[in-house]
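Novice:
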Amino acid sequence: MSEPTASDSTSEPAARAATEADLRDLVAARRQKLRFLREELGLQPYGCRVDGLVDLATARATFDEAAHDAHEAQDAQEAEDGNDESMVDPRPRVLSSGRVIQHRDIGKLVFLRLRDETGDLQVSLSKKACDPSVFRLAKKLDYGDVVVAGGPMGRTKKGEICIWSDRLEIHSKSLAPPPEKWHGLSDPEIRFRRRYVDLHANPAAIQTLQDRSRIISRMRKFMENRAYLEVETPMMQSMAGGAAARPFTTHHNALDLELSMRIAPELYLKRLLVGGLPRVFEINRNFRNEGVDRSHNPEFTAMEVYQAFGDCWTMLELTESLLYELACAAASDRRSRGDETVEGADDAPVLPFGELKIDWKRPFEQVTYGDLFQRAVGFDMRDEVAVRAKVKELGLAKAEGMDHWFAVNEIFEECAEPLIDPARPTFVTGYPSAISPLTRPDPADPVLAERWDIFIAGMEIGPAYTELNDPEIQLAKFTEQLAGADDEEQAFRNLDEDFIEALRVGMPPAGGLGLGVDRIVMLLTGNLSIREVIAFPLMRPEDGSG
RNA sequence: GCCUCCGUAGCUCAAUUGGCAGAGCAGCUGACUCUUAAUCAGCGGGUUCUCGGUUCGAGUCCGAGCGGAGGCACCA
């Protein structure tokens, strides 16, 4: 959009009427100021490179009580002497930038509150202490403008630590009407659609993204310390495999190729095992064409790990160590910034999550699928007669025609999962083989698979498996799975022959793990919605056109 | 895909049985050298999500649509 020029307002009546209407508009008022800055003050309101900036937290930390007192004494002395020859100011000087979030004009004093990613800091300007053009700019600033302020770190008479600014530059004039300064921006729809406003209006939103970054960084370091190699595998695949989920589809023009966005990196990571990389992990996006709720976003970040000559128990130790360390670090971070909702000892943190207080102390809980089932319904999961009766009793219509073990799982999800203590990280081990076709059966009891799932706060955080590496069995299971799929599933399921070929080349036995990174971030930052921990969660376009 | 609730000024929210669409903040003009949601005086700001219907009269009631929140379903 082009800037109206000063001559616009003198043209024909229709144009003048429009301009008058614009004058009542919040945006128009800001354009007016933009013009003022350019034409009256001769400023370039969209700035340029500035060196030597420190963030606002650093600036605040620069404040020196003794220097402040010395300066006060100097001032008093000068007043007494009637001597206004300036002495050397003992206060440390800083140069910082930030977004104006408050603007108070008291006549010959102007107070600004600046915000950056480290917090807020007041900038004070006195007409007497700064250049007239600086002061004129200070009076014209709006909530939302991006400025650079420089001057000595001092304190106001009321005790507020501030920059007593004698240098002030505008580097970006904000033309958008700002959110309300006290209630802020709370409408979730606007918050997520206009996240750039949310982030500066709600410090908690920025904190969450900073925490997310640190958590993922720590995950990476943890994996690297254990000699895992980070890899990246295709997100666009001609066959989306590695999970049972609906993929998104897309199209490659030059190759005239139907492609799917990946639903899991598993089959490619395993190919790397075959290729000779014994410990690999990937932290990246998966895409699943499914519903959206507090714990599901169509694109989500997962960490998947494979370790040659490991098994699901290797992965259990890895997961417990990782999550425990992340929880301790998150608790420590939050405590050090004064978060009083964090409880528990440093080595046994308790983090709030909604109504829950999640106790992260080691070891995590472990319960077998079979025991939990027995505890929930009072009979053994292998008792086919009792299972059939229970299905009827529960009115699980869709389970009635099912094979025994699928019916067991329906009952498990209905009756047993709710028994898991949501306030404790809990590994559920020993899933039935029949519902874990791609997992190696337990040699001691082939009815059970070497697989576990970890649940926290009622959310599934991730599964781990002792992977199958026999190509014949894998092929048979894949084929069986395909045969069992209904028509809807058939549409997006297919057999990855190349993956079978890779297994024929020979994959070492391995443990595999998948963790939902967004959900881990939710738990460690106390955010109840996955959208809070994703910078730009999926939103339907406002015009509804798709 | 289904159910329930919600959509009023830039933001946060009011508006009685269906009876002139309001407030605070933000904005504009002016005053003010220590503000802390600054204060004081004055001024402006609306497609009540959209379309249709009932009615003398609709923000309010009815229908459809759009968007959001919560729940369900889907979801190794």
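Here the numbering used here is used: the first residue of the first sequence is 64, the next is one more, and so on.
For each residue, glycine too, the CB sits at the ideal point set by N, CA and C.
Keep in mind that this is a model prediction, so the values were computed, not measured.
For the candidate residues GLU477, GLN95, TYR109 and GLN185, whose alpha-carbon lies nearest to that of PRO122?
Specialist: Correcting the residue identity first, residue 122 is Ala in this sequence and not Pro. Per the Cα distances, GLN185.
Novice: What separation, rounded to the nearest whole angstrom, lies between the Cα atoms of PHE372 and GLY569?
Specialist: 13 Å
Novice: Measure the alpha-carbon distance for PHE255 versus ARG603 and round it to whole angstroms.
Specialist: Rounded to whole angstroms, PHE255 and ARG603 show a C-alpha spacing of 11 Å.
Novice: What are the partner residues of TRP423, as DSSP defines its beta bridges?
Specialist: Looking at the DSSP output, TRP423 sits in no beta bridge, so it has no partner there.
Novice: On a CA-only basis, which of GLY217, GLU564 and LEU545 is nearest ALA307? Give me that one, please.
Specialist: LEU545
Novice: Roughly how far, in whole angstroms, is the beta-carbon of GLY110 from the beta-carbon of HIS234, given that I think they are within contact range, below 8 Å?
Specialist: 3 Å
Novice: Quick check on ASN316: buried or exposed, where buried means 16 or more other Cβ atoms within 10 Å of its Cβ?
Specialist: exposed
Novice: Relative to the C-alpha of ALA439, which residue among TRP468, ILE474, ASP466 and LEU414 is closest?
Specialist: The residue among TRP468, ILE474, ASP466 and LEU414 with its C-alpha nearest the C-alpha of ALA439 is ILE474.
Novice: Going by C-alpha distance, which of PRO495, GLU456, ALA497 and SER499 is nearest CYS478?
Specialist: GLU456
Novice: Straight-line CA distance for GLU252 to VAL580?
Specialist: Across the structure, GLU252 and VAL580 are spaced so that their CA atoms are roughly 24 Å apart.
Novice: Which residue comes first and which comes last in the alpha helix (DSSP H) that contains ALA395?
Specialist: Rather than Ala, the amino acid found at residue 395 in this sequence is Ser. Note, SER395: alpha helix (DSSP H), 375 to 399.
Novice: Three or more C-beta pairs closer than 8 Å, one from the region 481 to 494 and one from the region 512 to 520: is that the case here?
Specialist: Short answer: they touch.
Novice: Would you mind reading off the limits of the alpha helix (DSSP H) that contains VAL294?
Specialist: Where VAL294 is concerned, there is no enclosing alpha helix (DSSP H), given that its DSSP letter is neither H nor E.
Novice: Going straight from the alpha carbon of ARG334 to that of PHE562, what length do you get?
Specialist: 7 Å
Novice: What are the start and end residues of the alpha helix (DSSP H) that includes GLY338?
Specialist: 329 to 338
Novice: Please list, in chain order, all residues of the same chain as ASN472 whose beta carbon is under 8 Å from its beta carbon, the five residues on each side excluded.
Specialist: Around ASN472, the same chain offers PRO495 and ILE498 as residues with beta carbons nearer than 8 Å, after the five sequence neighbours per side are excluded.
Novice: Rounded to whole angstroms, what's the CA-CA distance from LYS202 to MET585? Just pull it up for me.
Specialist: 42 Å
Novice: Quick one, are the C-beta atoms of THR219 and ALA120 less than 7 Å apart?
Specialist: no
Novice: State the DSSP-derived secondary structure class of VAL568, mapped to helix, strand or coil.
Specialist: helix
Novice: So which of ALA573, LEU501, GLU523 and TYR528 has the shortest CA-CA distance to ALA539?
Specialist: LEU501
Novice: Out of LEU106, HIS246 and ASP229, which one is the CA nearest neighbour of ALA192?
Specialist: ASP229
Novice: Does DSSP classify PHE475 as helix, strand or coil?
Specialist: PHE475: helix per DSSP, three-state reduction.
Novice: Check whether the Cβ atoms of ASP208 and SER237 sit closer than 7 Å, and answer yes or no.
Specialist: yes
Novice: When the Cα of ASP466 is compared with those of GLY458, VAL454 and GLU476, which residue comes out closest?
Specialist: VAL454
Novice: For ILE346, list the residues DSSP reports as bridge partners.
Specialist: MET366
Novice: Put ILE483 into one of helix, strand or coil per three-state DSSP.
Specialist: coil
Novice: Starting from GLY433, trace the alpha helix (DSSP H) both ways and give me its first and last residue.
Specialist: 432 to 440
Novice: Looking at C-alpha atoms only, which residue of ASP138, ASP194 and ARG199 is the closest neighbour of ASP168?
Specialist: ARG199
Novice: If you reduce the DSSP assignment to three classes, tell me which class ASP274 lands in.
Specialist: helix
Novice: Taking C-alpha atoms, which residue in TYR331, ILE226 and PHE285 lies nearest to PRO297?
Specialist: Nearest option by C-alpha distance: TYR331.
Novice: Taking the C-alpha atoms as reference points, what is the distance between LEU100 and PRO215?
Specialist: 25 Å
Novice: Tell whether a beta-carbon distance below 7 Å holds between GLN370 and ARG342.
Specialist: yes
Novice: For the alpha helix (DSSP H) containing GLN140, name the first residue and the last one.
Specialist: 128 to 144
Novice: Within its chain, find whatever has a CB closer than 6 Å to the CB of ALA303; leave out the 5 residues flanking it on each side and keep chain order.
Specialist: Excluding residues within five positions, the ones whose Cβ falls inside 6 Å are PRO310, SER323, ARG325 and ILE326.
Novice: Using only the alpha-carbon positions, how far apart do VAL450 and LYS244 sit?
Specialist: 59 Å
Novice: Whole angstroms are fine: how far does the CA of LEU172 sit from the CA of ASN40?
Specialist: Absent from the structure is residue 40, since the part of the chain shown begins at 64 and ends at 609.
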